[in-house]
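**Student:** Got a structure for you, written out below as structure tokens; questions coming shortly.
Number of protein chains: 4
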Amino acid sequence: MPKVSADHLAARRRQILDAAGRCFARDGFHATSVHDIVRESGISAGLVYRYFTGKDDMIVAIVSEWHEQRRAVMEASTVDFDDLADAYLGLLRSIGDPSARDGLRLGVQVWAEAVRSPRIGDLTRAGIDGPRGSLAARVRSAQRNGEAPADLDPDALVRVFIAIYQGLVLQTVLDDGLDREAFVRTVESMLDAVIRRPPPSAGDGDR
Amino acid sequence: MPKVSADHLAARRRQILDAAGRCFARDGFHATSVHDIVRESGISAGLVYRYFTGKDDMIVAIVSEWHEQRRAVMEASTVDFDDLADAYLGLLRSIGDPSARDGLRLGVQVWAEAVRSPRIGDLTRAGIDGPRGSLAARVRSAQRNGEAPADLDPDALVRVFIAIYQGLVLQTVLDDGLDREAFVRTVESMLDAVIRRPPPSAGDGDR
Amino acid sequence: MPKVSADHLAARRRQILDAAGRCFARDGFHATSVHDIVRESGISAGLVYRYFTGKDDMIVAIVSEWHEQRRAVMEASTVDFDDLADAYLGLLRSIGDPSARDGLRLGVQVWAEAVRSPRIGDLTRAGIDGPRGSLAARVRSAQRNGEAPADLDPDALVRVFIAIYQGLVLQTVLDDGLDREAFVRTVESMLDAVIRRPPPSAGDGDR
Amino acid sequence: MPKVSADHLAARRRQILDAAGRCFARDGFHATSVHDIVRESGISAGLVYRYFTGKDDMIVAIVSEWHEQRRAVMEASTVDFDDLADAYLGLLRSIGDPSARDGLRLGVQVWAEAVRSPRIGDLTRAGIDGPRGSLAARVRSAQRNGEAPADLDPDALVRVFIAIYQGLVLQTVLDDGLDREAFVRTVESMLDAVIRRPPPSAGDGDR
DNA sequence: GATGAATGAGATTTCATTCAT
DNA sequence: CATGAATGAAATCTCATTCAT
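Residue numbers (our numbering), protein chains in the order written: chain X, 15 to 221; chain H, 15 to 221; chain D, 15 to 221; chain G, 15 to 221.
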């Protein structure tokens with residue numbers, strides 16, 4: 015009785031999503047045909063529609079999963095490193111990982127789709143707001159502990175560093191000539207200057 | 015001899031490109047049909063093909079023009095303001111201009127297309143490299159003049175500020191809740207800390 | 015030796031045919047998918063094909079059964095009532111029975127399919143010819159007994175009353191506003207006038 | 015400037031509708047594919063969708079037109095003949111016209127679709143109610159003039175004769191062996207008996 | 001020059017049916 | 001026996017592009 019195992023079903027779904035992810039990363043959502051995904055996955059056209067109600071459903075699944083992965087990476091980073099700045103720099107460095115390539119390309123497509131589709135826009139806002147909120151909370155906590163200057167606007171600060179992350183993703187994907195390490199070192203010096211900066215006054219140190 | 019004045023031809027072309035720009039900004043390149051552009055422009059389908067060889071040609075024209083406009087804005091900024099940092103901050107602030115909305119949305123679509131199409135990728139790299147190079151040159155010149163710390167990597171620094179620009183465009187377009195002024199102020203404080211920062215100690219005393 | 019009782023097999027077949035009948039009555043033969051029947055019956059797709067060679071086979075079975083049921087009702091009517099006209103009027107009245115609804119709707123679909131499919135056409139002609147023939151025989155017998163005017167064409171007469179039956183089925187199914195009782199009374203008065211009509215003039219009979 | 019003439023557009027639409035009518039008459043609405051209509055009409059697939067929003071739209075157009083044609087025939091009949099009964103008998107006889115074949119077959123498909131589709135059901139009820147109402151009005155007027163017995167229910171009477179019409183259409187289309195002339199003569203004798211029946215008075219004997 | 005009717009390849013999705021489990 | 005996952009052909013509809021007028 016081939017009510018096949020849940021594992022099998024999950025594996026099939028994965029097979030389709032992986033193929034879709036590759037196709038979408040390569041060509042974007044609207045220049046990829048369902049047939050492209052069928053070909054890439056090695057699965058028949060009909061079967062795809064037992065796992066997804068349609069192409070839009072696949073896009074939603076891919077986008078959700080993409081944000082979930084980013085969130086997981088973020089979380090892992092901030093657990094591994096106890097210093098938030100180090101965690102962030104690690105995150106930037108991980109962008110260079112060749113295995114991340116497809117994920118980056120997909121991310122750019124996700125942003126483009128988020129701009130035009132309310133549905134994907136909502137998913138994307140939700141996917142960014144979560145990490146953004148928890149980062150801001152950590153900045154606020156660092157401010158309370160005196161580890162960060164009290165005059166910084168935590169929300170804006172986090173947004174700026176997210177922007178740097180987004181821009182780096184974009185430049186990585188667009189431009190092979192990018193010297194990522196120099197980029198990260200520059201960001202590091204900015205972090206040092208802004209967050210770990212010495213108390214503003216002169217001669218404070220000797221007291 | 016042309017049967018119609020060059021002005022007329024240019025105006026027609028403009029009419030089509032404006033319509034295409036609006037459509038592409040709204041829906042991206044591949045979810046916009048030529049018929050959408052025909053409808054938006056009020057020009058007949060056949061005529062569109064006398065001004066462009068096809069949809070790809072329109073995309074190329076729109077992308078080229080988009081980069082040209084960015085370059086022009088950049089140039090204008092750095093002429094208006096004699097201080098580079100002020101010019102940059104002005105550029106960031108101009109992102110909030112409601113009249114820029116379509117341009118921002120289009121930019122996100124351009125990036126997404128640049129990732130998948132070699133042709134658009136080349137255009138985009140060229141479009142970014144120009145401004146990037148001239149900015150880096152100006153940073154180097156500032157370093158020579160002692161207006162900026164000599165230990166900064168000019169190329170990386172420019173890339174970081176371009177990344178911030180790109181990220182702000184993205185966040186502006188995705189998220190209505192963004193407090194752009196706080197964002198820019200935070201960037202300003204970073205610029206102050208990194209570029210306009212006081213020479214590292216010694217010599218402070220003279221104030 | 016069968017692994018499963020004949021009863022079981024028959025019950026399964028019934029289960030499928032009942033579901034198919036409901037689906038076909040609701041949506042016609044070609045707007046009903048096999049999957050619809052699978053869903054409605056609660057039986058798996060694979061199993062359906064062990065009872066029927068395909069969708070066409072189900073259609074044939076449903077149509078045969080439908081004609082068989084009509085024939086049975088006809089037969090029952092003419093047994094219950096010893097007067098043929100009363101039997102017919104009872105038949106017309108039974109059309110209003112709410113439990114007959116699906117059967118009527120199915121009938122209309124059968125007629126439509128009979129028109130386009132030679133196979134179903136043959137089945138339908140056979141299904142109608144039987145009752146038609148036996149009704150005509152009874153009319154002829156009534157004529158011989160002097161219970162019906164001799165100048166009537168028995169075949170045509172029967173066809174007319176079948177037509178009235180068919181038209182009433184159609185109108186019942188199409189039009190909720192139909193006053194069926196008035197319809198049947200009118201038919202009754204026609205029957206009286208045509209079949210039970212008084213000998214054309216007094217004293218004619220004895221010549 | 016090929017904003018082609020209105021005549022041309024109308025002719026194209028006709029070309030498609032004629033092809034669709036033939037296909038639908040032959041195979042019903044749901045066993046006819048759009049491609050069948052494309053092939054039958056000799057028009058390209060894309061063009062069909064400039065004249066109709068989709069297959070459903072073609073079905074609606076065909077059904078509307080079918081009812082309109084019936085109505086026109088009805089009207090013509092009752093103008094040509096000043097006696098309503100003669101007009102009706104002429105209508106029945108016209109069913110045998112070989113050129114009417116497709117129309118009859120289409121009618122059966124229309125009835126089947128009217129049963130399952132609310133949209134077509136509404137169209138069909140509207141298409142029948144018009145002629146039905148005007149026939150009933152004429153019967154009532156005949157009753158006032160003493161040309162028809164006052165004890166008949168005009169609405170029910172009309173419904174019965176519509177049923178006869180419908181049944182004859184069905185039998186004509188299903189059964190080549192039908193002796194239509196005998197059928198019509200029988201209906202005629204019924205009309206005579208019911209409508210033109212002699213006043214039930216005494217004094218018949220003198221004939 | 002300008003139009004928009006016309007094309008047919010290709011997109012998405014559904015269907016009847018089979019077969020491994 | 002029974003299941004429902006799997007198939008791939010076919011259905012409906014859209015698209016970029018051409019060309020007669």
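Every residue gets a Cβ at the ideal spot worked out from N, C-alpha and C, and that includes glycine. All values reported here derive from a predicted model rather than from experimental measurement.
Can you find at least 3 beta carbon pairs, one from the stretch 179-189 of chain H and one from the stretch 177-188 of chain X, that sit closer than 8 angstroms?
**Tutor:** Enough Cβ pairs lie closer than 8 angstroms, so yes.
**Student:** Taking all protein chains shown into account, decide if X:A59 is buried (16 or more other Cβ within 10 angstroms of its Cβ) or exposed.
**Tutor:** With fewer than 16 Cβ atoms within 10 Å of its Cβ, X:A59 is classed as exposed.
**Student:** Any beta carbon of chain X sitting closer than 8 angstroms to that of H:A33?
**Tutor:** False, the Cβ-Cβ gap to chain X never drops below 8 angstroms.
**Student:** Does the distance from the CB of G:S91 to the CB of G:A101 come in under 8 angstroms?
**Tutor:** Yes.
**Student:** Could you say which of G:D165, G:L23, G:D97, G:G160 lies nearest to G:L61 if we only look at CA atoms?
**Tutor:** When only C-alpha atoms are compared, the closest one is G:L23.
**Student:** X:W80 touches chain H at which residues, Cβ-Cβ below 7 angstroms?
**Tutor:** By Cβ distance, chain H contributes nothing, its closest Cβ being about 14 angstroms from X:W80, past 7 angstroms.
**Student:** If you draw a straight line from the alpha carbon of H:R133 to that of H:D70, how long is it in whole angstroms?
**Tutor:** When rounded, the distance between both Cα atoms is 10 angstroms.
**Student:** Assess, as a yes-or-no matter, whether the stretch 193-211 of chain X is touched by the stretch 182-198 of chain H under the definition of 3 or more beta carbon pairs within less than 8 angstroms.
**Tutor:** Judged by Cβ distances under 8 angstroms, the stretch 182-198 of chain H makes no contact with the stretch 193-211 of chain X, as fewer than three pairs qualify.
**Student:** Quick check: H:A150 and H:D169, are their CB atoms within less than 8 angstroms of each other?
**Tutor:** Yes, the Cβ-Cβ distance between H:A150 and H:D169 is below 8 angstroms.
**Student:** Quick check on the burial criterion: 16 or more other C-beta atoms within 10 angstroms. Buried or exposed for H:R146?
**Tutor:** Buried, by the Cβ-count rule.
**Student:** If the cut is a Cβ gap below 7 angstroms, which residues of chain X does H:F66 touch?
**Tutor:** Those do not exist, as H:F66 stays about 19 angstroms from chain X at its closest Cβ, beyond 7 angstroms.
**Student:** Can you pull the chain X residues whose beta carbon is under 8 angstroms from the beta carbon of H:Q180, in chain order?
**Tutor:** The contacting residues are A177, Q180, G181, L184, Q185.
**Student:** So, with DSSP's three-state summary, where would you put H:I57?
**Tutor:** Note: H:I57 maps to coil in three-state DSSP.
**Student:** Have a look at G:D143 and G:E82 and give me their C-alpha separation to the nearest angstrom.
**Tutor:** Going by the C-alpha atoms only, they are around 12 angstroms apart.
**Student:** Got a sec? Which residues, its chain only, sit under 6 angstroms from X:G110 by beta carbon, not counting five neighbours each side?
**Tutor:** Only R194 meet the Cβ criterion.
**Student:** Beta-carbon of H:D193 versus every beta-carbon of chain X: anything under 8 angstroms?
**Tutor:** Chain X, which has a Cβ nearer than 8 angstroms to the Cβ of H:D193, makes this yes.
**Student:** Could you confirm whether any beta carbon from chain D is found closer than 8 angstroms to the beta carbon of G:T92?
**Tutor:** No, G:T92 lies away from the interface with chain D (no Cβ there is under 8 angstroms from its Cβ).
**Student:** Give a yes or no on whether the C-beta atoms belonging to G:A45 and D:V122 are separated by under 8 angstroms.
**Tutor:** Not a contact, by the Cβ cut-off of 8 angstroms.
**Student:** What is the DSSP secondary structure of G:P163, counted as helix, strand or coil?
**Tutor:** G:P163: coil per DSSP, three-state reduction.
**Student:** Residues in the stretch 34-68 of chain X with C-beta within 7 angstroms of chain H's C-beta atoms, listed in sequence order?
**Tutor:** Flagged, chain order: R40, D41, G42, H44, A45.
**Student:** Run through chain D and tell me which residues come within less than 8 angstroms of G:A128, C-beta to C-beta.
**Tutor:** The contacting residues are L188.
**Student:** Spatial neighbours of G:R119 within its chain, please: CB distance less than 8 angstroms, with the 5 preceding and 5 following residues excluded, ordered by chain position.
**Tutor:** Result list for G:R119: A39, R40, V187, in chain order.
**Student:** Taking H:V107 as the reference, give the member of H:R26, H:V208, H:E202, H:D206 with the closest Cα.
**Tutor:** For the record, residue 107 of chain H in the displayed sequence is Arg; it is not Val. If we check each option's Cα against that of H:R107, H:E202 comes out closest.
**Student:** The alpha helix (DSSP H) that contains G:S148, what's its start and end?
**Tutor:** 132-158 is the extent of the alpha helix (DSSP H) around G:S148.
**Student:** Name, please, each residue of chain D whose Cβ falls closer than 8 angstroms to the Cβ of G:A170.
**Tutor:** Under the 8 angstroms cutoff, chain D gives D193, A196, F197, R199, T200.
**Student:** For G:Q157 and chain D, any beta-carbon pair shorter than 8 angstroms?
**Tutor:** False, the Cβ-Cβ gap to chain D never drops below 8 angstroms.
**Student:** In the DSSP assignment, find the unbroken alpha helix (DSSP H) run with X:D100 in it and report its ends.
**Tutor:** Segment 98-108, the alpha helix (DSSP H) holding X:D100.
**Student:** Mapping the DSSP letters down to three states, classify X:K17 as helix, strand or coil.
**Tutor:** Three-state result, X:K17: coil.
**Student:** Quick one: list the residues of chain G neighbouring D:R139, beta-carbon separation under 7 angstroms, in chain order.
**Tutor:** Within chain G, the residues near D:R139 are L188, D189.
**Student:** If you run the structure through DSSP and keep just helix, strand and coil, what is G:L184?
**Tutor:** Helix, per DSSP.
**Student:** Going by DSSP, what residue range makes up the alpha helix (DSSP H) through D:S203?
**Tutor:** Where D:S203 is concerned, the enclosing alpha helix (DSSP H) stretches over 194-208.
**Student:** Tell me whether D:A216 is buried or exposed, calling it buried when 16 or more other Cβ atoms sit within 10 Å of its Cβ.
**Tutor:** Residue placement at D:A216 is flagged as unreliable, the pLDDT there being 44, under the threshold of 50; a coordinate-derived value is accordingly withheld.
**Student:** Express the C-alpha separation of X:V124 and H:V77 in angstroms, rounding to a whole number.
**Tutor:** Answer to the nearest angstrom: the Cα atoms are 19 angstroms apart.
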